[in-house]
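Encoded as structure tokens, the structure appears first; notes follow it.
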Amino acid sequence: MSGINPPESKSVHASEKAKTEDKDSLFSSEDSEEKIVKIFTPEVENLSPVQEYDEDELLQLVTYIKDLTILYDLRPDDWNEECEHTIRCWLTDLSEPLLMIFFDGEELTCDTFVPTVSIIDATYFLREPGLAFTVQHFHDEIIFGTINGSIEGSLLQVIENTYAPVLLRSQNWPDSVKNDFNHSLHMFLAKLTDLHYKLHGLTVLYVPKIIISVPVEVATEDKEFIKRMEGVVVYWTKQVRVGLQDQEQNTAEDLRCPIDEYNFWRNRYENLLGLNYQLENESIKHLCNILMAVQSSYVKQFRALAEEIIHNVEEAKSNIEFLNTLTEPCNELASLKQPQEFGPLLPKILNLIRYIWMKSPYYNTQEKITIICRSLSNQIIRQCSQFIDMDIIFLQKHTKNAIKMFETCIQCLTDYIRTYILVSSAHSEFGQIPWELDKAPIFNHVDSYIQRCKDMIEVCEAMIVFGRFDETEDIPKPLFGTSKGQQFESWADRIEKMFNDSLEDIERVKFRILDVQQAEWYDDILKFRTRMKDIEVVVENLTNAVFDEIANVEEGIETLAAMYNYSKRKTLFSLFDGKTLQVYKMFRAEILDTKQDTQTESEMYPNLMPYYSGRAQLLKMKKHRLTLLKKMFDDAGWMLPCSISKDVFAQYQKLIASIDDKIFNLYRKWIDSIGEDINLRLQRPLMCKSISKPGLLECNIDRSLMEMFKEAKYWDALNFEIPTYVKSVYQKADSLRFIYECVLNVVLDYNKIVSSLSDEERLLFKPLISNVEKKISPGLSKLTWAADIGDEYIAECSNNTAEDFVDDYKQCNLQIVLICEKICDTPLISLTQYTVMELQELVDELTKNMNDTLGKLISCYHTIIEFLVMVFEGFENVMGSMANQWVRYINNFDRLMEEALKICCKNSLQSMFEALHGDGTTDPNPLIKIEVNLIGNKINFNPTLVNVARVISNVQNTLVEAVKSLPRLNDKFHVSETDYIPYADLIYNDKDCKHMQQQLNQEVRVAVEKIKDYIKVWEPFRDLWEVDKDKFMERYEEEDPSATLFDANIGRYTELANNVQIQDTVSDVHFLQINCSDLKKAIIEHCVEWQNKMCLLLFNLTERKIDDIYEYMEKFGKE
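The sequence shown begins at 1191 in our numbering and counts up one residue at a time.
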């Protein structure tokens, strides 16, 4: 098997076999006739899709495939487990016809598909469809071969070395078909050869292999052969002419450098030498001789190109020699990494270009010099592109570094243009040939590159402004403190998102940013600028909206600070310049308002401050506010300059000086208002009896002293000097203030005790109040504010237990009242959810609810006792002098308990009444379930209405029995002077409770009346159970009814049963629910019984009459 093996060709069948008998369907020249070619693989029947091998056989077959695999630099250790697994699967899976083995990078790969990656070579294995290999016949059945990575080369080798010799020697075809096919095959091979070698930069002529074996004499006799060879020569001529005319690098999409220009001429030189060498080939000469023998005009044109080839070889050789002078400086330039290092080499390279221009015999045209200058521009552009790292922008987001990077490239390219102009000017001035090259082709790419660098600087600046990408500082997100701050911040987030979306669009096309060949970038940057304009509009709207919400200077400066990053954009400068002016105007308005306030509010001061120093403090606060605003402006060095700033700050300084003068004037007025009799104001008792409120005390201090202390404190805080005669008293301010607060607390405590008690309660607390008055009496007469007051007196006056007891007393009273209110709101009967119950269930439910509630009432009762005991313990020491008041106190709460229990019972009865009567707007929900049936031919109720009425009428008595367990409070504390009536008897005789019980009884009567009306529904059926059925049948039999009458009567009972059946089984009658299921069942049974008796009577009568007929027939039949 050779290194390259073609796969076995598949069968070809025409769709219509009848038409192929006269002419060949593949090579017919008739275009109008449609040909259909089907390629199919013969089906293999009864084949298993999976072939099973034992391990030894499978291992041997895998070894065969490994041995047959021929790849470049294939080593035994390149085989891996994945490859062996794929080979095993291919051997066992008969549905896969192809196995490919190749290198994917450095890794050996096996696959059942054609490689989709670039390869050097690959080995293929093919088998017949469904063929299972055996170890003995594997080498006979396998189809394999090795192909290289060049598709055209592999195809050329297969066709030229395998198919072409066979096809060209075939003698089985018609001459016309064979001639056309051979001509097409030669032309195909010529074009394929040209294509294959042209990819390597070579011009190779296709020479038919059979030409050398054909003598001239024989060839001249075959006109078709001559015609085919002429076609080959014509194609040669075309190839040579294309090779000769290819003097420029027609690859505008690439940025060619001077080294590329040098390599181009070197490759051209080698290609032309190759062409010249091919013309000396014996086969080509033999072919030319054949065509010369027949005097072909095509061969003369081909031979005429030989001299032209020699001339072009000389030209290429000369150009190589001159261009070689540029290789060293250009390589040195290519080795530089920083664009700022390019400058020293550029003059040398440009002067070498001048040298080539002046000395080269061939490379001295303006077009070629323009090309080499343009290639130098391209090299500088390429090296700048290598210097620029787009990841700095799009990945690292280092905008400042990116701007420096682009500015470096711009400066490099600008210096290059300047150097070119200097060299060209010097050449024109001192040289013989003027430098009149067209600058457009030389600098078009440079200008475009500079513009793209500027575009990217614009993008980077936008990233700083709108994206907050700055590696040198952390730019904060805009934050707004107004009421719509969150809305504005979301607006700023939207701006940032809009920019990030635009930046992502730029990032997606970053591959063409620096590619000056791609004009699509201009659309991209135009789209980006349009979006930036949209973002600027949004920023402008946001700025206007935020400033519409600004109410003061602080918010204005904070807003400018928050949006400062936006002000860096040149197009938004005027917007923020206007907003800065607006903030300064707000500060000026603040100054004018403060000036106006100092005039209109000259007599105003805070309530908690004294008169003079309060006004001074108010002025100082206004000054302090202006000072803070001025400091905000001083600290905001980032703010844009403003035209009115100097005038505004001058007004500020003037107002500050005016405020200082007014504060000093207020200080002088306070000194004048103090007077000199300060010590005499301390000679008065600590406390005194109140004249306006008899019975209460007042703190007897001179109020002007306290005001003076306040004034002195605030003036001292304002750093003003306190006069000496004031300072002597002011030094005692802390002790006097302490005494004042203590005395004031004593007065307040005493007044609180007295004022919190009613006249009756004062009698109750009279012994305790007297004890307090004894303790504080020295402060009413002996002790003055100038004396040294001992701590013992203060402590004794402050240690007042009476106040604590009064608080406990009030709290106990309050809790008792709350407990009584709770008793009122805790009814013994609570039917909030009305459900139908049996009478006994209702009684049990009421009893259970009443017992539970009674337990709560007893607990409340005991709690009241505990609170009363707590009060008793407070009065226990003085109980002998206040017994009568204590009895009255207990009797009051006893009456309160009495009223609470009455209300509790009334609410209980009211709850029961609402359950029986409803809420007044709708009928009551059924509460008690009653069964109705027939017993003894009478309608009976279970339970009876009497039992229902008995339970309802006994509700009040049940409540009275429950309350009997609560004794009266005065009996509990043994303070009763007379026999009090128990709570239960009071409730039993209470008019309201009796009235409520009467209403309950009335509801029972209403229910009874409605039940009577309800019973009338069953009146039409009363005869069914009241009439004596046997007597009725005797009378009915005596009347001798007809069959029709019997039928009607029997049908009537069926109708009555149906009427009974359609009656409601369950009916609501007031608060009762009537269940008539047993009654209906009994009535229907009576109807059935009536029908049965009728049928029996009819049967008896019929039987009797039949017997009479038989008797009659028997009697007269004999006669």
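Each residue gets a CB set at the ideal place from its N, CA and C atoms; glycine is no exception.
Candidates the options: closest to residue i by CA position
| i | options | result |
| --- | --- | --- |
| V1422 | L1808, L2099, Q2192 and H1373 | H1373 |
| F1512 | Y1552, H1327 and W1860 | Y1552 |
| Q1573 | E1497, Q1676, D1705 and G1671 | D1705 |
| R1254 | E1726, Q2253, I1332 and P1319 | The question names Arg, but residue 1254 is Tyr in the sequence shown. Looking at the Cα atoms, I1332 is the closest of the given residues. |
| M1898 | N2003, K1917 and I1349 | K1917 |
| P1239 | P1266, L1321 and D1268 | L1321 |
| L2190 | D1824, Y2173 and Q2146 | Q2146 |
| E2121 | V1996, E1407 and K2271 | K2271 |
Straight-line gap, residue i to residue j (C-alpha atoms, nearest Å)
| i | j | result |
| --- | --- | --- |
| C1889 | C1878 | 7 Å |
| I1834 | D1691 | 40 Å |
| K1758 | L1750 | 12 Å |
| W1711 | I1703 | 6 Å |
| K1667 | A1752 | 8 Å |
| I1846 | D1906 | 21 Å |
| E1911 | R1778 | 34 Å |
| L1382 | K1594 | 52 Å |
| A1483 | S1360 | 27 Å |
| V2315 | Q2251 | Since the first and last residues shown for the chain are 1191 and 2309, residue 2315 lies out of range. |
| F1378 | P1266 | 40 Å |
| I2006 | F2057 | 7 Å |
| V1348 | L1357 | 13 Å |
| S2143 | E2229 | 56 Å |
Three-state secondary structure (DSSP) of residue i
| i | result |
| --- | --- |
| F1292 | strand |
| L1887 | strand |
| F2306 | helix |
| G1335 | strand |
| D1301 | strand |
| Q2001 | helix |
| Y1243 | coil |
| S2257 | strand |
| K1399 | coil |
| P1529 | helix |
| E1745 | helix |
| M1753 | coil |
| V2136 | helix |
| L1357 | helix |
| F1689 | helix |
| K1587 | coil |
| D1705 | coil |
| K2271 | helix |
| Q2146 | helix |
| I2299 | helix |
| E2121 | strand |
| F1659 | coil |
| N1471 | coil |
Enclosing beta strand (DSSP E) for residue i [first to last residue]
| i | result |
| --- | --- |
| A1826 | Premise fails: A1826 is in no beta strand (DSSP E) and is neither H nor E. |
| F1315 | D1311 to L1316 |
Terminal residues of the alpha helix (DSSP H) in which residue i lies
| i | result |
| --- | --- |
| E1425 | Before going further, note that residue 1425 is Tyr rather than Glu in the sequence given. Residues K1413 to Q1435. |
| E2245 | A2233 to I2252 |
beta-carbon residue i near the ligand FMN non-hydrogen atom, thresh 8 Å
| i | result |
| --- | --- |
| I2054 | With respect to the ligand FMN, the structure shown offers nothing to examine, as it has no ligands at all. |
Cβ neighbour criterion (16 or more within 10 Å) applied to residue i
| i | result |
| --- | --- |
| F1670 | buried |
| L1938 | exposed |
| W1828 | exposed |
| K2119 | buried |
| S1486 | buried |
| D1214 | Residue confidence for D1214 is low, a pLDDT of 35 falling below 50, so the modelled location carries little weight; the figure read from the coordinates is stated next. When all chains shown are included, D1214 counts as exposed. |
| F2306 | exposed |
| H1390 | exposed |
| N1502 | buried |
| C2285 | exposed |
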